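Engineer: The following block contains the structure, expressed as structure tokens.
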Amino acid sequence: MSSFICNVRPQSPPQDVLLVCRGHTLRVTPRRKDPRIRSPGSSLGQVLQKLGKADETKDEQFEQCVQNFNKQLTEGTRLQKDLRTYLASVKAMHEASKKLNECLQEVYEPDWPGRDEANKIAENNDLLWLDYHQKLVDQALLTMDTYLGQFPDIKSRIAKRGRKLVDYDSARHHYESLQTAKKKDEAKIAKPVSLLEKAAPQWCQGKLQAHLVAQTNLLRNQAEEELIKAQKVFEEMNVDLQEELPSLWNSRVGFYVNTFQSIAGLEENFHKEMSKLNQNLNDVLVSLEKQHGSNTFTVKAQPSDNAPAKGNKSPSPPPDGSPAATPEIRVNHEPEPSAAAGAALPKSPSQPAEASEVAGGTPPAAGAQEPGETAASEAASSSLPAVVVETFSATVNGTVEGGGGAGRLDLPPGFMFKVQAQHDYVATDTDELQLKAGDVVLVIPFQNPEEQDEGWLMGVKESDWNQHKELEKCRGVFPENFTERVQ
């Protein structure tokens, strides 16, 4: 019977084994191309399981804790980034509010009432923004930084634990290899001993064998000591992290609650205080508006050398035979009771003539005055004392309501005067009129005088009024400086 010496060469994957026996080749399974050539990720058992020399020690519970840790770190980093963005926006809003208040201080003239109060409100507004930003930094951002400051240390300890796990696996596999390969090692030892038996004397063969056995036992003992040491170091780190990671994961709820409660509380208090400041500023501005809107401004008569003002396009003065020239009447867009208007009518003998002129459709031109009339008017006006501007709802530029009733039938109720648009105006709100250059607007009073803004008038376009006769649908506000008074 012939004997066979077989060399067994494991192929990759392990089930592919090639047997070579004294010139005879036996193929146990079909030989395939080494998959490591196509897939470097699977090469050499994932580099012998990351140099643990074989299978890794798995701890699913700890891996879940690590996943939670990474998720918690990602969420915290994002929250920190968004909080910094929020603080940057608060600072930008502070700067914008500060510039707006500075603009108000510049346009607020010194002789206007409430200037000191407005300046004080602006200072308090600036301090309130600063306090809000600083409290956000102290109670939210710094707390956030402290919360995230513990993650780098834990992350490095997790990485160190992974390295110690590799050391533990390496020591474990080394020790197991010595334990499981005892017979194989004895066979390897016996082979050189048999060779030495041929060359060594009889008396030293036993000593050589005893030396090899002692050396093997020494290696096994050293491997066991290294395994115990590596296991101890790994378990110490593993136990600490097993306690800290779940505790850190559970602490996120309380941290989120405290952080967002602080932000919400600070924002609520900020808006409360800001609302008070805005209310105080609104009171100051309302007081300014009332004083300037309802105050009676005295007008001193001056020689008519200069050109007349925009709103002083009144009819020509009465003849020389009339009594002392009546001061021209300016309309301040606030209707007065008709009784006051009726009481004022008899005082101006020139009104009937003016009413007839308006009813006839030919308003007198300012340039049509005769030289004698102009001189008389100047002399009369120079001798008059300061007069008070008043509003007569019944008399508008010399037109007497009731005397020319037929001429006012087509005008809207409360009609005051006409203006003509000098420029196009695009309405920016639903209660504004859309004007084209040349449009004629019939000016009427505001239903609520307190709603009137300075520089704005209420009216209805003449074309819309003649077509629809619906005041509620056609009326609207428009800027006075876009128009010129024509009647």
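Numbered according to my numbering, the sequence shown spans residues 6 to 492. Note that beta-carbon positions come from the ideal geometry of N, C-alpha and C, so glycine has one too. Note that the structure is predicted; figures quoted are calculated from it, not measured.
1) For G481, does the three-state DSSP call read helix, strand or coil?
2) Return the residue from the list D172, I449, E114, A269 that minimises the CA-CA distance to E230.
3) Judging by CA-CA distance, which residue of C70, E437, Q296 is the nearest neighbour of E455?
4) What residue range does the alpha helix (DSSP H) around Q472 cover?
5) I believe F483 touches L447 by the beta-carbon criterion, under 8 Å. Please report the beta-carbon distance rounded to the nearest angstrom.
6) Over what stretch of residues does the beta strand (DSSP E) that includes Q452 continue unbroken?
7) Between the stretch 140-155 and the stretch 81-99, do at least 3 Cβ pairs fall closer than 8 Å?
8) Identify every residue that forms a DSSP beta bridge with F422.
9) Quick check on the DSSP output: the alpha helix (DSSP H) that includes E521 runs from which residue to which?
10) Note the first and the last residue of the continuous beta strand (DSSP E) segment covering E489.
11) Determine the closest residue to Y430 out of V424, K423, L438, with distance taken between C-alpha atoms.
12) Exposed or buried, K169, counting other C-beta atoms within 10 Å across all chains shown (16 or more means buried)?
13) In the DSSP assignment, find the alpha helix (DSSP H) that holds A93 and state where it starts and stops.
14) Alpha carbon to alpha carbon, how far is A176 from A235?
15) Taking the straight line between their C-alpha atoms, what separation do you get for G167 and I159?
16) Can you give the Cα-Cα distance for R162 and N75, rounded to whole angstroms?
17) For W461, which of helix, strand or coil comes out of DSSP?
18) Going straight from the alpha carbon of Q184 to that of D64, what length do you get?
19) Quick one: residues in its chain with C-beta nearer than 7 Å to the C-beta of L117, no 5 flanking neighbours on either side, listed in chain order?
20) Which residues mark the beginning and the end of the alpha helix (DSSP H) in which A164 is found?
21) Within 10 angstroms of the Cβ of K226, are there 16 or more other Cβ atoms? Answer buried if so, exposed if not.
22) With a CB to CB cut of under 7 Å and the five nearest residues on each side skipped, what residues in its chain are close to L232?
23) Taking Cβ positions, are A123 and V258 nearer each other than 7 Å?
24) To the nearest whole angstrom, what separates the beta carbons of L250 and I126, a pair I think is in contact under 8 Å?
25) On a Cα-Cα basis, can you pick out the residue from P417, Q492, V424 that is closest to E475?
26) Mind checking whether M149 and L88 have CB atoms under 7 Å apart?
27) Buried or exposed for F265, going by 16 or more other Cβ atoms inside 10 Å?
28) If distances are taken between C-alpha atoms only, which option among E241, N73, Q425 comes closest to L462?
29) Using beta-carbon positions only, say whether D436 and G464 come within less than 7 Å of one another.
30) Within 10 angstroms of the Cβ of D458, are there 16 or more other Cβ atoms? Answer buried if so, exposed if not.
31) Pull up the DSSP beta-bridge partners for E437, would you.
32) What residues are listed by DSSP as bridge partners for Y430?
33) Answer yes or no: do T62 and D245 have a C-beta to C-beta separation smaller than 7 Å?
34) Hey, out of Q110, I268, N129, whose CA is closest to L141's CA?
35) In three-state DSSP terms, what is W254?
Structural biologist: To lay it out plainly:
1) strand
2) D172
3) Q296
4) 467-473
5) That pair is no contact at about 11 Å.
6) Unbroken run through Q452: none, as it is neither H nor E.
7) Contact between the stretch 140-155 and the stretch 81-99 is present, because at least three Cβ pairs lie under 8 Å.
8) V448
9) For the chain, the structure presents residues 6 to 492; residue 521 sits outside this window and is missing.
10) 488-490 is the span of the beta strand (DSSP E), which, as asked, contains E489.
11) It is L438.
12) Per the 10 Å Cβ criterion, buried.
13) 65-112
14) Their backbone Cα atoms lie some 7 Å apart in a straight line.
15) 12 Å
16) About 13 Å.
17) strand
18) 25 Å
19) Note that residue 117 is Trp in the sequence shown, not Leu. Excluding sequence neighbours, W117 sits near L293.
20) 156-185
21) Sequence check: residue 226 is Asn here, not Lys. Label assigned to N226: exposed.
22) Hits under 7 Å: A176, R177, Y180.
23) No, they are not a contact pair.
24) About 53 Å separates the two Cβ atoms, so there is no contact after all.
25) P417
26) yes
27) exposed
28) Q425
29) no
30) exposed
31) V482
32) L440
33) no
34) I268
35) W254: helix per DSSP, three-state reduction.
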